[in-house]
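Enquirer: For the sequence shown, counting from 1, position 30 maps to 52 in the working numbering; every step adds exactly one.
Ideal Cβ placement from N, Cα and C applies to all residues, glycine included.
In this text the structure is predicted, and so the values were computed from the model without any measurement.
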Amino acid sequence: ADAAKRVVLEGKAAINLWRQGREAWNAWVEKKPIADIDFSGVDFSEYGDVSFAGFHFPNGGKDFSKTIFGKGILSFYCATFGEGYVNFHGATFGEGDISFSDAAFGDDWVSFSRATFGNGRVSFSRAKFVEGDVSFDST
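1) Buried or exposed for residue 144, please, with buried defined as at least 16 other CB atoms from any protein chain shown within 10 angstroms of its CB.
2) DSSP state of residue 27, grouped into three classes?
3) Assuming residue 78 and residue 51 make a contact with CB atoms under 8 Å, what is their CB distance in whole Å?
4) Consult DSSP for residue 145 and reduce its assignment to one of helix, strand or coil.
5) Determine the direct distance from the alpha carbon of residue 27 to that of residue 241, and round the result to whole angstroms.
6) Is residue 55 buried or exposed, if buried means 16 or more other CB atoms sit within 10 Å of its CB?
7) Helix, strand or coil for residue 160, going by three-state DSSP, please let me know.
8) Where does residue 84 land, buried or exposed, given buried means 16+ other C-beta within 10 angstroms?
9) Could you name the residues of the same chain whose beta carbon sits closer than 7 Å to that of residue 133, not counting the 5 residues immediately before and after it, in chain order?
10) Rounded to whole angstroms, what is the Cα-Cα separation between residue 131 and residue 82?
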């Protein structure tokens with residue numbers, strides 16, 4: 023795709039679509055199957071529990087670097103990340119339980135490098151990593 027025409031969903035527009043829920047999000051992705059999603063630096067703490075459960079992400083980059091997820095429960099249960107990288111570098115996951123159970127990652131690299139996890143349970147049970155590197159490095 024031409025870089026000048028590449029769809030990027032970021033900032034307030036990304037938050038607003040996320041707040042509309044899974045059905046609205048997935049309908050948008052159906053119309054825009056190739057797009058970059060950028061939540062980098064977003065602070066979700068004002069929203070309490072954060073759910074991306076059952077969300078489908080488009081093919082393209084997914085950037086959650088330096089995102090703050092707050093103290094509530096965080097769910098990416100059954101999320102599908104599509105093709106392209108998934109970046110949680112430097113994300114702060116907070117104190118609630120975190121689920122990536124049954125999530126499906128695509129064919130590119132996935133980074134949780136320098137991410138911090140609080141005291142809640144963290145589950146990647148049955149998560150699928152197809153190809154590419156997966157990193158939990160702290161340096």
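Expert: Checking against the coordinates, here is how it stands:
1) exposed
2) helix
3) 5 Å
4) strand
5) What is shown of the chain runs 23 to 161, which leaves residue 241 out entirely.
6) exposed
7) In this structure, DSSP gives residue 160 a state outside helix and strand, which the three-state scheme calls coil.
8) buried
9) 109, 110, 111, 157
10) 12 Å
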